[in-house]
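These notes are about the structure you will find just below.
2 protein chains.
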Amino acid sequence: MQIDPNLSLILASKSPRRSYLLEQAGIPFTVRTADVEEVYPDDLPVMEIAPYLAALKATGAFHLLEKDNEVLLTADSVVLIDGKKYGKPKDREMAVATLRKLSGNEHTVVTGCCLKSKFKERIFAGVTKVFFNKLSDEEINWYLDTSAPYDKAGAYGIQDWVGLACINRIEGTYPNVMGLPVDLVYKELKHW
Amino acid sequence: MQIDPNLSLILASKSPRRSYLLEQAGIPFTVRTADVEEVYPDDLPVMEIAPYLAALKATGAFHLLEKDNEVLLTADSVVLIDGKKYGKPKDREMAVATLRKLSGNEHTVVTGCCLKSKFKERIFAGVTKVFFNKLSDEEINWYLDTSAPYDKAGAYGIQDWVGLACINRIEGTYPNVMGLPVDLVYKELKHW
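Listed in order, the protein sequences are those of chains A and B. The numbering used here numbers the first residue of the first sequence as 10 and each following residue consecutively. The numbering used here numbers the first residue of the second sequence as 10 and each following residue consecutively.
Quick look at the structure:
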């Protein structure tokens with residue numbers, strides 16, 4: 010690990026998966042969160058939504074920075090199927106509809122990130138293509154009976170049964186699909 | 010999940026990662042292990058080594074099958090760098106040499122599997138390409154100071170720091186790199 014030990018990383022995200030990934034990667038951090046309304050211009054190209062929202066969250070959480078050696082990390086993941094953004098499903102019906110769109114199809118996960126200190130800001134995004142096998146309605150219902158993917162963009166967790174058993178290929182990184190492109194975060198912090 | 014509930018899966022592997030993946034995927038199983046000597050013909054093409062060894066392990070563990078509804082699962086993972094097989098590193102020196110080969114390079118992980126009952130046998134393999142960033146000697150030494158990848162083919166765990174922070178892309182599935190192509194196992198069991 011080649012991150013300056015004087016640097017103090019502040020994760021401004023409530024996602025347990027982002028905390029888990031940083032912990033697994035052995036990158037020290039503290040969680041401090043702020044509520045930021047996630048709005049973006051209607052005409053923003055879909056690939057730019059996630060990094061735009063990550064930057065917006067960093068602006069909204071900037072007051073959390075206390076010391077000069079602190080670096081804020083924010084992130085936002087979006088799922089794009091056939092060029093259209095799918096968010097967190099509001100209810101079971103929407104989760105079923107999303108999973109039917111994922112079935113036998115490829116989609117793209119974009120996780121935008123923002124690293125921001127009092128002196129510097131870096132915005133970047135990880136992009137991963139994900140390929141699902143055909144899902145039967147029985148499988149979709151079984152997944153929703155046994156899991157509650159309502160806090161997840163695209164209505165699935167890649168670490169859940171449906172991700173492990175029904176994804177036949179990804180192109181990009183797995184942590185990026187879980188919610189954080191750890192490789193890109195590490196690369197930026199190494200040269201911070 | 011569409012696996013016949015009467016089917017009883019017996020995992021004949023000591024790998025904690027294979028147990029972990031089946032547990033995460035919610036596929037019920039029991040562990041029973043046998044010791045099998047892992048030998049293969051010198052002239053076997055490298056892509057065939059893992060499925061060959063999985064089948065060999067299934068033959069050696071066949072006596073563990075007690076009932077007609079039991080299905081044995083064995084697996085073997087090999088790491089191929091520049092067309093050459095890299096096994097589990099015997100010592101730190103070999104781990105350093107392997108990690109230096111992985112650095113800034115792509116490699117292939119082949120996990121061969123065998124499913125075997127008293128009536129039927131299926132042999133198959135998952136193939137994933139993995140792309141590592143350049144690793145400095147400082148990073149290699151830090152990884153080996155903080156982890157002990159001596160039970161892992163290729164001297165790394167994709168779920169460790171080095172996998173999370175230094176892999177910039179995979180093509181294929183992540184569980185296959187961890188040790189089991191869960192998607193292929195599920196597909197076979199669904200149609201068993």
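Built from N, CA and C at the ideal position, the CB exists for glycine as well.
Subject >> beta strand (DSSP E) runs contained entirely in the segment 114-158 of chain B, provided each spans 3 or more residues >> reply: Residue ranges of uninterrupted beta strand (DSSP E) with 3 or more members, entirely inside the segment 114-158 of chain B and ordered along the chain, are 115-125 and 130-141.
Original post:
Does DSSP classify Ala84(B) as helix, strand or coil?
Top reply: What you label residue 84(B) is simply residue 75 of the second sequence in a count that begins at 1. Ala84(B) falls in the strand class under three-state DSSP.
Original post:
Mind pulling the chain A residues with CB within less than 8 Å of Asp192(B)?
Top reply: To locate residue 192(B), count along the second sequence from 1; it is residue 183. Asn142, Leu173, Ala174, Cys175, Ile176 and Asn177, listed in chain order.
Subject >> Residue burial classification, Gly135(A) (beta-carbon count within 10 angstroms, cutoff 16) >> reply: In the first sequence, the residue the question calls residue 135(A) occupies position 126. By the neighbour-count rule (16 or more Cβ atoms within 10 Å), Gly135(A) is buried.
Original post:
Using a Cβ-Cβ cut-off of 7 Å (strictly less than) and excluding sequence neighbours within five positions of Gly96(A), which residues of its own chain qualify?
Top reply: Taking the first residue of the first sequence as 1, we reach residue 96(A) at position 87. Taken in chain order, the residues that qualify are Ala162.
**OP:** In angstroms with no decimal places, state the Cα-to-Cα distance between Ala59(B) and Lys66(B).
**Re:** Translated into positions along the second sequence, residue 59(B) becomes position 50. Translated into positions along the second sequence, residue 66(B) becomes position 57. Each residue's Cα considered, the two are about 10 Å apart.
Subject >> For Ala204(A), the nearest candidate out of Pro190(A), Trp201(A) and His200(A) (CA to CA) >> reply: The structure shown has nothing for residue 204(A), since chain A only spans 10 to 201.
Original post:
Exposed or buried, which one is Glu147(A) when buried takes at least 16 other CB atoms within 10 Å?
Top reply: Reading the first sequence from its first residue, position 138 is the one you call residue 147(A). By the 10 Å Cβ count, Glu147(A) comes out exposed.
Original post:
The beta strand (DSSP E) with Gly181(B) in it runs from where to where?
Top reply: Start at 1 with the first residue of the second sequence, and residue 181(B) comes out as number 172. Unbroken beta strand (DSSP E) run through Gly181(B): Ile176 to Gly181.
**OP:** Could you give the DSSP three-state label for Ile36(B): helix, strand or coil?
**Re:** Translated into the one-based positions of the second sequence, residue 36(B) becomes position 27. Here Ile36(B) sits in coil by DSSP.
Original post:
Is the CB-CB distance between Thr107(B) and Thr137(B) below 7 Å?
Top reply: Counted from its first residue, the second sequence places residue 107(B) at position 98. Counted from its first residue, the second sequence places residue 137(B) at position 128. Taking the C-beta atoms as reference points, Thr137(B) is found no nearer than 7 Å to Thr107(B).
Subject >> Ser17(A) - DSSP class collapsed to helix/strand/coil >> reply: Position 8 of the first sequence, counting from 1, holds the residue named residue 17(A). Three-state result, Ser17(A): strand.
Original post:
In terms of residue numbering, what span does the alpha helix (DSSP H) encompassing Tyr195(A) cover?
Top reply: On the first sequence, residue 195(A) is found 186 positions in, with the first residue counted as 1. Start and end: Val191 to Lys199.
**OP:** Closer than 8 Å by C-beta to Ile176(A): which residues in its own chain qualify, once you throw out the five before and the five after it? Chain order, please.
**Re:** The residue labelled residue 176(A) in the question sits at position 167 within the first sequence. The beta carbon of Ile176(A) lies closer than 8 Å to those of Val139, Phe140, Phe141, Asn142 and Ile167 in the same chain, with the five residues before and after it left out.
Original post:
Looking at C-beta atoms only, is the number of pairs between the segment 69-84 of chain A and the segment 40-48 of chain A that lie closer than 8 Å three or more?
Top reply: Output reads yes: the segment 40-48 of chain A touches the segment 69-84 of chain A.
Subject >> Option nearest Met56(B) by Cα separation, candidates Thr120(B), Ser145(B) and Pro158(B) >> reply: Stepping through the second sequence from its first residue, residue 56(B) is reached at position 47. Checked all of Thr120(B), Ser145(B) and Pro158(B); the closest Cα to Met56(B) is Thr120(B).
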